[in-house]
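According to my numbering, numbering within the sequence shown proceeds without interruption in unit steps and concludes at 264.
C-beta atoms are modelled at their ideal positions from N, C-alpha and C, and glycine is treated no differently.
Just so we're clear, the structure is a prediction, and the values are computed from it rather than from any experiment.
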Amino acid sequence: MKIISIVNQKGGVAKTTSTQNLGVALKKLGKSVLLIDFDPQGNLSSGFGVNKREVEKTIYDLLKAKAFVADKVDISDVKVEKEGLDILPTNIKMAKSTIELSGVPGKDNLLKEILKEVYGYDYVLIDCPPSLDTLTFNALTASHKVYIPVQTEFYALEGIVELMDTVEMIQQRLNDELEIGGVFATMVDSRVNLHVEVVDQLRDFFEANMLESFIRRNVKVAEASSYGKSIFDYAPKSNGSRDYLNLAKEIVGREE
Ligand SMILES: Nc1ncnc2c1ncn2[C@@H]1O[C@H](COP(=O)(O)OP(=O)(O)O)[C@@H](O)[C@H]1O
Ligand SMILES: [Mg+2]
């Protein structure tokens, strides 16, 4: 079982979109997949059409049960199935986590402990919030790999040093198995010189960690999640579904 965090502390770089569509692409490649919505905004949950107001138990209840030895919550009480994958949804209640979990011993290890009891998946993908705090630390502590989506804009590399420092800190203190799986460009328009230049800059910076596959800007990708569907369900013949399938193949090639 490979556990992968999708991380970038910048918002709007396609973390959630990539977690959703990579998850479904991996399923298409015959893998069994669990997705974890680890951003209190719950965009991954709504991207799959999960009604966040109606979910009774979320990944946050699992975290709290570990933190406070409260009522036992079973993962099967949280799990929902969409498009053939299992999802652990969340909702805005999770926004209290930084405060509620502060002072809990081992607060960065909670997700790792939860996932020790999870079996039977080839891939677990964790959609992280746009911040480098307790939730992201939990995700990185539980993961074997981190994959980083980067939007090809002028400030693309800004914040990357901070992110790399965080990964190193986690490697040193919390999870010495963590490795960078790869970096991939998102919302690329190859007609725009800047985008091509940014991809080159990323390749110079990340070298072998820069993936060959990238995701083109494609309005269908954005539409799909607003309809509560992956790109494969909403527009299977679109560039978006081709790009995410290629990305998934490249990741499988690296991981297996
Ligand atoms: N390939 C793409 N083409 C067009 N729009 C995209 C693409 N990928 C993501 N988006 C849109 O960009 C916005 C940010 O994506 P999102 O996945 O929510 O980012 P993050 O999780 O990093 O904050 C969303 O509105 C999403 O629909
Ligand atoms: Mg997101």
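The alpha-carbon of residue 34 is positioned some 12 Å away from that of residue 249. Distance from the C-beta of residue 22 to the nearest heavy atom of ligand 1 is below 7 Å. An exposed status is given to residue 162, since fewer than 16 other beta-carbon atoms sit within 10 Å of its beta-carbon. In this structure, 58 is the residue among 58, 36, 38, 235 with its C-alpha nearest to the C-alpha of residue 45. Straight-line spacing of the CA atoms in residue 125 and residue 207 works out to 39 Å. A straight line joining the alpha-carbon of residue 160 with that of residue 143 spans about 26 Å.
The C-beta separation of residue 254 from residue 221 comes to about 5 Å, placing the pair in contact by the 8 Å criterion. When rounded, the separation of the alpha-carbon atoms in residue 114 and residue 202 is 43 Å. Out of 218, 204, 194, the CA that lies nearest to the CA of residue 247 is found in 194. Residue 160 carries a coil assignment under DSSP once its states are collapsed to helix, strand and coil. The alpha-carbon of residue 61 is positioned some 7 Å away from that of residue 99. Take the alpha-carbon of residue 41 and the one of residue 133: they are about 8 Å apart. Taken from the Cβ of residue 141, every heavy atom of ligand 2 lies 7 Å or farther away. In this model, residue 37 and residue 258 are separated by some 11 Å (Cα to Cα). Taking each of 149, 188, 12, 136 in turn and checking the Cα distance to residue 121, the smallest one comes out for 149. Sixteen is the threshold: when 16 or more other Cβ atoms of the shown chains lie within 10 Å of the Cβ of residue 102, as they do, the residue is buried. Annotated three-state conformation of residue 31 is helix, per DSSP. Just measuring C-alpha positions, the residue of 198, 52, 72 sitting nearest residue 237 is 52. Assigned with DSSP and collapsed to three states, residue 102 falls in helix.
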